[in-house]
Amino acid sequence: MNKPEIKEILEIVDSCNPKVREKIDDEFVEEIYITASRIVSRSVKKKVNGFEQFELRLDQLLTSKYFGFPLMMLLLAGVFFLTIKGANYPSKLLASMFFWLEGQLKILFNYFNSPWWLTGFLIDGVYRATAWVVSVMFPPMAIFFPIFTILEDAGYLPRVAFNLDKLFKWAGAHGKQALTMGMGFGCNAAGVVSTRIIDSPRERLIAILTNNFVPCNGRWPLIIMLASVFIAASFPASISSIVASGVVVAVTIFGIIITLLVSKILSKTLLKGEPSAFKLELPPYRKPQILRILYTSFIDRTLFVLGRAVTMAAPSGGLIWLLGNIYVNGKTLMSFGVDFLNPIGKAIGLDGAILLAYIIAIPANEIIIPTIIMIYSNQTKMIELEINQLKDLFLQNEWTVLTAVCLMLFSLLHYPCSTTTWTIYKETRSIKWTILSNLIPLAVAFIICFFVYRIGILFL
Amino acid sequence: MFGRKTKNQNLNFVQIEILPSRKTKVVALAGNPNTGKSTIFNRLTGLKQHTGNWPGKTVSRAEGEFILNDEKFLLIDLPGTYSLLSTSEDEEIARDFILFGNPDATVIVCDASALERNLNLAFQIMQITNRCLLCINLIDEAKRKGIEIDKDVLEKELGIPVIFTNARSGEGIDELKEKIYAIANRIIKPNPRKIHLRKEIQEKVDKLKPLIEKAFPGIYSSEWIALRLLEGDKKIRAAVENGNLLEMINKGLENGNGELK
Amino acid sequence: MTKKLSELRKGEKAMIVRVNLNGLTRRRLFDLGFIPGTIVSVLFESPLGDPVAYLVRDTIIALRKDESEKIEVELIN
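Residue numbers (the numbering used here), protein chains in the order written: chain A, 649 to 1108; chain B, 123 to 383; chain C, 78 to 154.
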C-alpha cells in the first residue's frame, strides 16, 4: 500500500528528536504514577493494623532459609499422603464393584449366547480397561486436585517460584518456570499453555520442552500405586502410607532435578542465551473458596481428565484384546510385539509388555497400568481386579523392586502424551521443537533407566 | 465469537468493526493479575471458570455472555496485565483487544488494597478509550486491612464511574452491571482524565492523529497509535509501513492463542 | 549518598533515585511502580538468598539481584 498519508506519518515520526522519543514511555508512566499517587493520597485513608503483619510473618516462614524448602517438601508429601491414604479405600470399593458388574455382564452375555469373541472384545477388552481407569484414577484425582487447587488459590505457588528461582536462574531458565511446572502437576498440556506468562521466547521454549518432567495426573496413579504396592508394602502397615508418600515426593524431586539439568543443558546448547530479568509479584494470601474449588476441580479437572482417560481407555482396551486374540502362525500379535520389544525393555530394567503398553497408551498416559495388566493377564489368564492381587500378577511376570523403580522413572520421564504434544505444536508452531519435545524426554528416560537398572542389579 | 469469526483473511474487518450493526455489545474485562478479575467474570456470566491466585493465571482469553434488561452482552476476560506498554504474549492479547477490538465498555478491575499500582493500567486504558469504568474489587479485604476509599473523590479525579465490589460475595455486581449497561448504551459518557504528554510530543501526536485516521479509516485509537509510533514500537510501525494496521484489528479480535514466533 | 537497592538489609527503607536498566526490563519495572521517587522497603529474601521480596506501592515484588543492583536508592530513616 502506498498511501501518501503513510509516508507523511513516517516522516513526522522520524523527524522527532530521538532523545525525546526514547523517554516517551518513561515519562508517560512517571506521569501516571505521579498522578495516581496524588489521587490515592486524596481518596484513600489507611489505618495500620496487625493484619499484614501476620501475612509478613507467614511469608518469612515459608521463604525462610531453614524452613522454606523443608516446608515445601512437607506440604508436597502431605498432599500425596492424603491422596494415597484417602484413595485407598474408595479405589478398592470401586474395583470390587466393577468386578462384580463384570461377572453380571458375562452372565448376561452368555444368556444371549453372545459369541466368545464379542464377549471377549467388549468385556475383557473395552469394559475392563474402562473399569480399571475409573477405579484406579478417579479416587486419587478427586482428592489430589482439590487439595492442589486450594494451595494454588491460597497463593502458595508464587512463593514456590520465589524459593526455587535461584535454581532456575542457574539452569538459564525463567523463575516463572516453577509456576508452569506446578501447573504441569495437574496436566502437562495445561502447563505448556501456561508458559505464555514467560516473556522470553528462549526461556519459554525451555519451559515447554521440560514440562513433561513433572508427572501429570495421568501419571500420578501409576507412581503412587507402584510406590505403595512395591516399596511401601515391605514396611509395617502403620507407616506404609508415609513411606509411599516419601517415595512419591522423591520421584517428584527427581523430576524437578531433571527439569533443571535438562534446562541447563538446553540453555547451553540448543537454546543459548542469558537468563532474562525476573520480576514476580507475590500476591496477598487469600482464603480459598472451598466450595467453588470443590466444584471447579471436580468438573474442570477430575471429570475432564477422567472423561478423556475413559474415551482413550475403551478403544485401547478393545485393541489390546484384539492383539491378544488374533493368531498368526500360532502366536498372538501381542506376543510378537512383546517378544520384539523384550530385549529393549530388559536393557532398561523393564520388559516387552511394558514398552508395548507405552506404545498403545501414547494417546493417554492414564491407561498404562491397565494396559500392562491386560497384556499380562492375557498371557497368564489371570482376571482378578483386586489391587492386592496386582502385586502377584507383577511378581509372576518377574517384576522386582528394581522393575518398579525403573517403571516409575520411565513414567516420570518418557514422552508427553499426544494431547500435550499437540499443544506443544500449537504453541510453538514448529515441527522441529515438537519432535524434540518427544525425543529429548525419550532419550533421557532410556539413559536414566539404563543406568539405574545397571547400578541397581549390582545391589539387588 | 461475535458472530463474525471467519477464516477469510482477505475480509476487511473494518466494515464489521464500525459495526452499527453489531448485535451483541462487547464488554472487555481488564486488570492487573490477582485482582479477582476471573471471579468478576464468573459473577457476571454465571460461568465457573477456574481462578487461581498467581500472576498470569488467565493466559488466554475467556468469553461469556450475560443478559441485562433483555440485552445480551458478550464479556471478554482479558489476560491480567500490569501495563499495555510492554510486549509479552499475554499483554499483547489484552492490548490488541482494547486497541482494535473497539469494546462498547471496558471494565478495569482493581485490587482495593493496591490502588496506586493498579491505576497505572487504568490510566493507560483511559488514554485509549472513553467508554470505561473502574471496578474496585476485594473491597472487604481492604476494609480488613483498615483501608478506606472515598468513591466520590475518586470518581471526580478519574472522570469515570467507580464501583466497589466484593466479587466473592456478589456485593456490587448489580451496580457494576447497570453501569456497564449505561456505558455500552451511551447513556453515561465517561470523560476520563488523560495524561498530559510533553508539549513536543503532544504536538506531534496532534499532527499524526488525523493522518492515521485518514490512512486507516475506522481506527479509533489513533492517539495511542501515534504515541506508539513515536516511541518506536516496531510491530506497529511495520503494520503502518505495510499498510496492514487494520489487519491487526483482525488479529486483536481473533488472537486468543499466543503463538511463539 | 546513594546505594544499590541490592545492598539494603531486611527491614530497611529507601527512595529510588535512578533505574540503570534499559529496554523491556526497565519498562516492566516502571510498570510495577519502580520509578524514581518511589519508596521501597526490603521484606524478605528467598532461602537461597536471591531473589529478594520488596514492598513497593502496597504490593510485594520479588527481584533478582541482577536487577536490584542496578537500581540506585537513597536510604530513609
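Ideal placement from N, C-alpha and C gives every residue a C-beta, glycine not left out.
Sub-8 Å separation of residue i and residue j beta-carbons
| i | j | result |
| --- | --- | --- |
| Ser893 of chain A | Phe729 of chain A | yes |
| Asp272 of chain B | Ser691 of chain A | yes |
| Leu1061 of chain A | Ala1093 of chain A | yes |
| Leu981 of chain A | Leu908 of chain A | no |
| Asn1045 of chain A | Tyr1063 of chain A | no |
| Leu827 of chain A | Leu914 of chain A | no |
| Ile295 of chain B | Leu166 of chain B | yes |
| Phe757 of chain A | Gly966 of chain A | no |
| Ile660 of chain A | Leu330 of chain B | yes |
| Val727 of chain A | Ile879 of chain A | no |
| Ala962 of chain A | Ala777 of chain A | yes |
| Asn990 of chain A | Asp999 of chain A | yes |
| Leu874 of chain A | Met1056 of chain A | yes |
| Ala152 of chain B | Ala227 of chain B | no |
| Asn191 of chain B | Tyr303 of chain B | yes |
| Val910 of chain A | Thr1071 of chain A | no |
| Thr203 of chain B | Leu241 of chain B | no |
| Tyr1024 of chain A | Leu1041 of chain A | yes |
| Gly773 of chain A | Ile968 of chain A | yes |
| Ile1020 of chain A | Ala995 of chain A | no |
Where residue i falls, given that 16 or more other Cβ within 10 Å makes a residue buried
| i | result |
| --- | --- |
| Lys299 of chain B | buried |
| Thr1118 of chain A | One cannot answer for residue 1118 of chain A here, as it falls past the ends of chain A, which runs 649 to 1108. |
| Gln137 of chain B | Because Gln137 of chain B carries a pLDDT of 30, less than 50, the predicted location of this residue cannot be relied on, and the following value inherits that uncertainty. With fewer than 16 Cβ atoms within 10 Å of its Cβ, Gln137 of chain B is classed as exposed. |
| Ser848 of chain A | buried |
| Gly178 of chain B | Low per-residue confidence applies at Gly178 of chain B: pLDDT is 45, beneath 50, and the placement is therefore not dependable enough to give any value. |
| Pro884 of chain A | exposed |
| Trp1081 of chain A | buried |
| Lys1029 of chain A | Low confidence applies to Lys1029 of chain A: its pLDDT is 45, below 50, so where it sits in the model is not reliable enough to give any reading. |
| Lys383 of chain B | Confidence at Lys383 of chain B is low in this model, with a pLDDT of 32, below 50, so its placement is unreliable and the value that follows should be read with caution. Under this definition Lys383 of chain B is an exposed residue. |
| Tyr975 of chain A | exposed |
| Asn97 of chain C | exposed |
| Phe1058 of chain A | buried |
| Lys159 of chain B | buried |
| Pro1018 of chain A | buried |
| Lys267 of chain B | buried |
| Gly309 of chain B | First, the residue type needs correcting, since residue 309 of chain B is Ile and not Gly in the sequence shown. Flag for Ile309 of chain B reads exposed. |
| Tyr804 of chain A | buried |
| Phe760 of chain A | exposed |
| Trp176 of chain B | Because Trp176 of chain B carries a pLDDT of 46, less than 50, the predicted location of this residue cannot be relied on, and the following value inherits that uncertainty. With 16 or more Cβ atoms within 10 Å of its Cβ, Trp176 of chain B is classed as buried. |
| Leu1106 of chain A | exposed |
| Gly100 of chain C | exposed |
| Asp707 of chain A | buried |
Strand pairing of residue i, partner residues [DSSP]
| i | result |
| --- | --- |
| Thr980 of chain A | A:Tyr975 |
| Val284 of chain B | B:Leu256 |
| Gly153 of chain B | B:Val231 |
| Arg95 of chain C | C:Glu149 |
| Ile269 of chain B | A:Lys694 |
| Lys1080 of chain A | None, per the DSSP bridge assignment. |
| Ala184 of chain B | B:Asp199 |
| Ile854 of chain A | Ile854 of chain A is not bridged to any residue. |
| Thr136 of chain C | C:Val133 |
| Glu122 of chain C | C:Val129 |
| Leu190 of chain B | B:Glu193 |
| Lys301 of chain B | BP columns for Lys301 of chain B are empty, so no partner. |
CB contact below 8 Å: residue i versus chain F
| i | result |
| --- | --- |
| Glu675 of chain A | Considering every chain present, this structure includes no chain F. Its protein chains are A, B and C. |
**Asked** Using 8 Å as the threshold, is the stretch 232 to 242 of chain B in touch with the stretch 257 to 272 of chain B, meaning 3 or more CB pairs across them?
**Response** Three or more Cβ pairs closer than 8 Å define a contact, and the stretch 232 to 242 of chain B meets that threshold against the stretch 257 to 272 of chain B.
**Request:** Could you pull out every unbroken alpha helix (DSSP H) segment of at least 4 residues lying fully inside the stretch 206 to 231 of chain B, listed in chain order?
**Result:** The stretch 206 to 231 of chain B contains these whole alpha helix (DSSP H) runs: 211 to 222.
**Message:** At 4 residues or longer, what runs of the alpha helix (DSSP H) sit wholly inside the stretch 881 to 964 of chain A?
**Reply:** Counting only runs of 4 or more, we get 885 to 916 and 938 to 944.
**Request:** Examine the Cβ distances between the stretch 853 to 873 of chain A and the stretch 783 to 802 of chain A and report whether three or more of them are shorter than 8 Å.
**Result:** The stretch 853 to 873 of chain A vs the stretch 783 to 802 of chain A: in contact.
**Asked** Are the stretch 734 to 742 of chain A and the stretch 142 to 152 of chain C in contact at 8 Å, needing three or more beta carbon pairs?
**Response** No contact exists between the stretch 734 to 742 of chain A and the stretch 142 to 152 of chain C.
**Asked** Touching or not, the stretch 699 to 714 of chain A and the stretch 115 to 124 of chain C, by the rule of three or more beta carbon pairs under 8 Å?
**Response** By the Cβ criterion, the stretch 699 to 714 of chain A is in contact with the stretch 115 to 124 of chain C, since at least three pairs of Cβ atoms, one from each stretch, lie closer than 8 Å.
**Prompt:** Counting pairs of Cβ atoms below 8 Å between the stretch 793 to 809 of chain A and the stretch 829 to 844 of chain A, do you hit three or more?
**Reply:** Segments in contact, yes.
**Asked** Which whole runs of the alpha helix (DSSP H) in the stretch 691 to 728 of chain A are 4 residues long or more, in chain order?
**Response** Counting only runs of 4 or more, we get 699 to 710.
**Asked** Touch check for the stretch 820 to 827 of chain A and the stretch 913 to 932 of chain A: three-plus C-beta pairs under 8 Å?
**Response** In this structure the stretch 820 to 827 of chain A lies against the stretch 913 to 932 of chain A, because at least three pairs of beta carbons, one per stretch, are closer than 8 Å.
**Message:** Runs of 4 residues minimum, wholly inside the stretch 1061 to 1107 of chain A: which ones carry the alpha helix (DSSP H) assignment?
**Reply:** 1066 to 1076 and 1079 to 1107, all fully within the stretch 1061 to 1107 of chain A.
**Item:** Runs of alpha helix (DSSP H) lying entirely within the stretch 320 to 374 of chain B, each at least 4 residues, in chain order
**Value:** Here the runs fully enclosed are 321 to 337, 344 to 353 and 356 to 363.
**Request:** Run through the stretch 761 to 788 of chain A for me and flag every whole alpha helix (DSSP H) of 4 or more residues, listed as ranges in chain order.
**Result:** Correct list: 764 to 767.
**Asked** Is the number of C-beta pairs between the stretch 744 to 755 of chain A and the stretch 934 to 943 of chain A that are closer than 8 Å three or more?
**Response** Flag = no, the stretch 744 to 755 of chain A and the stretch 934 to 943 of chain A do not touch.
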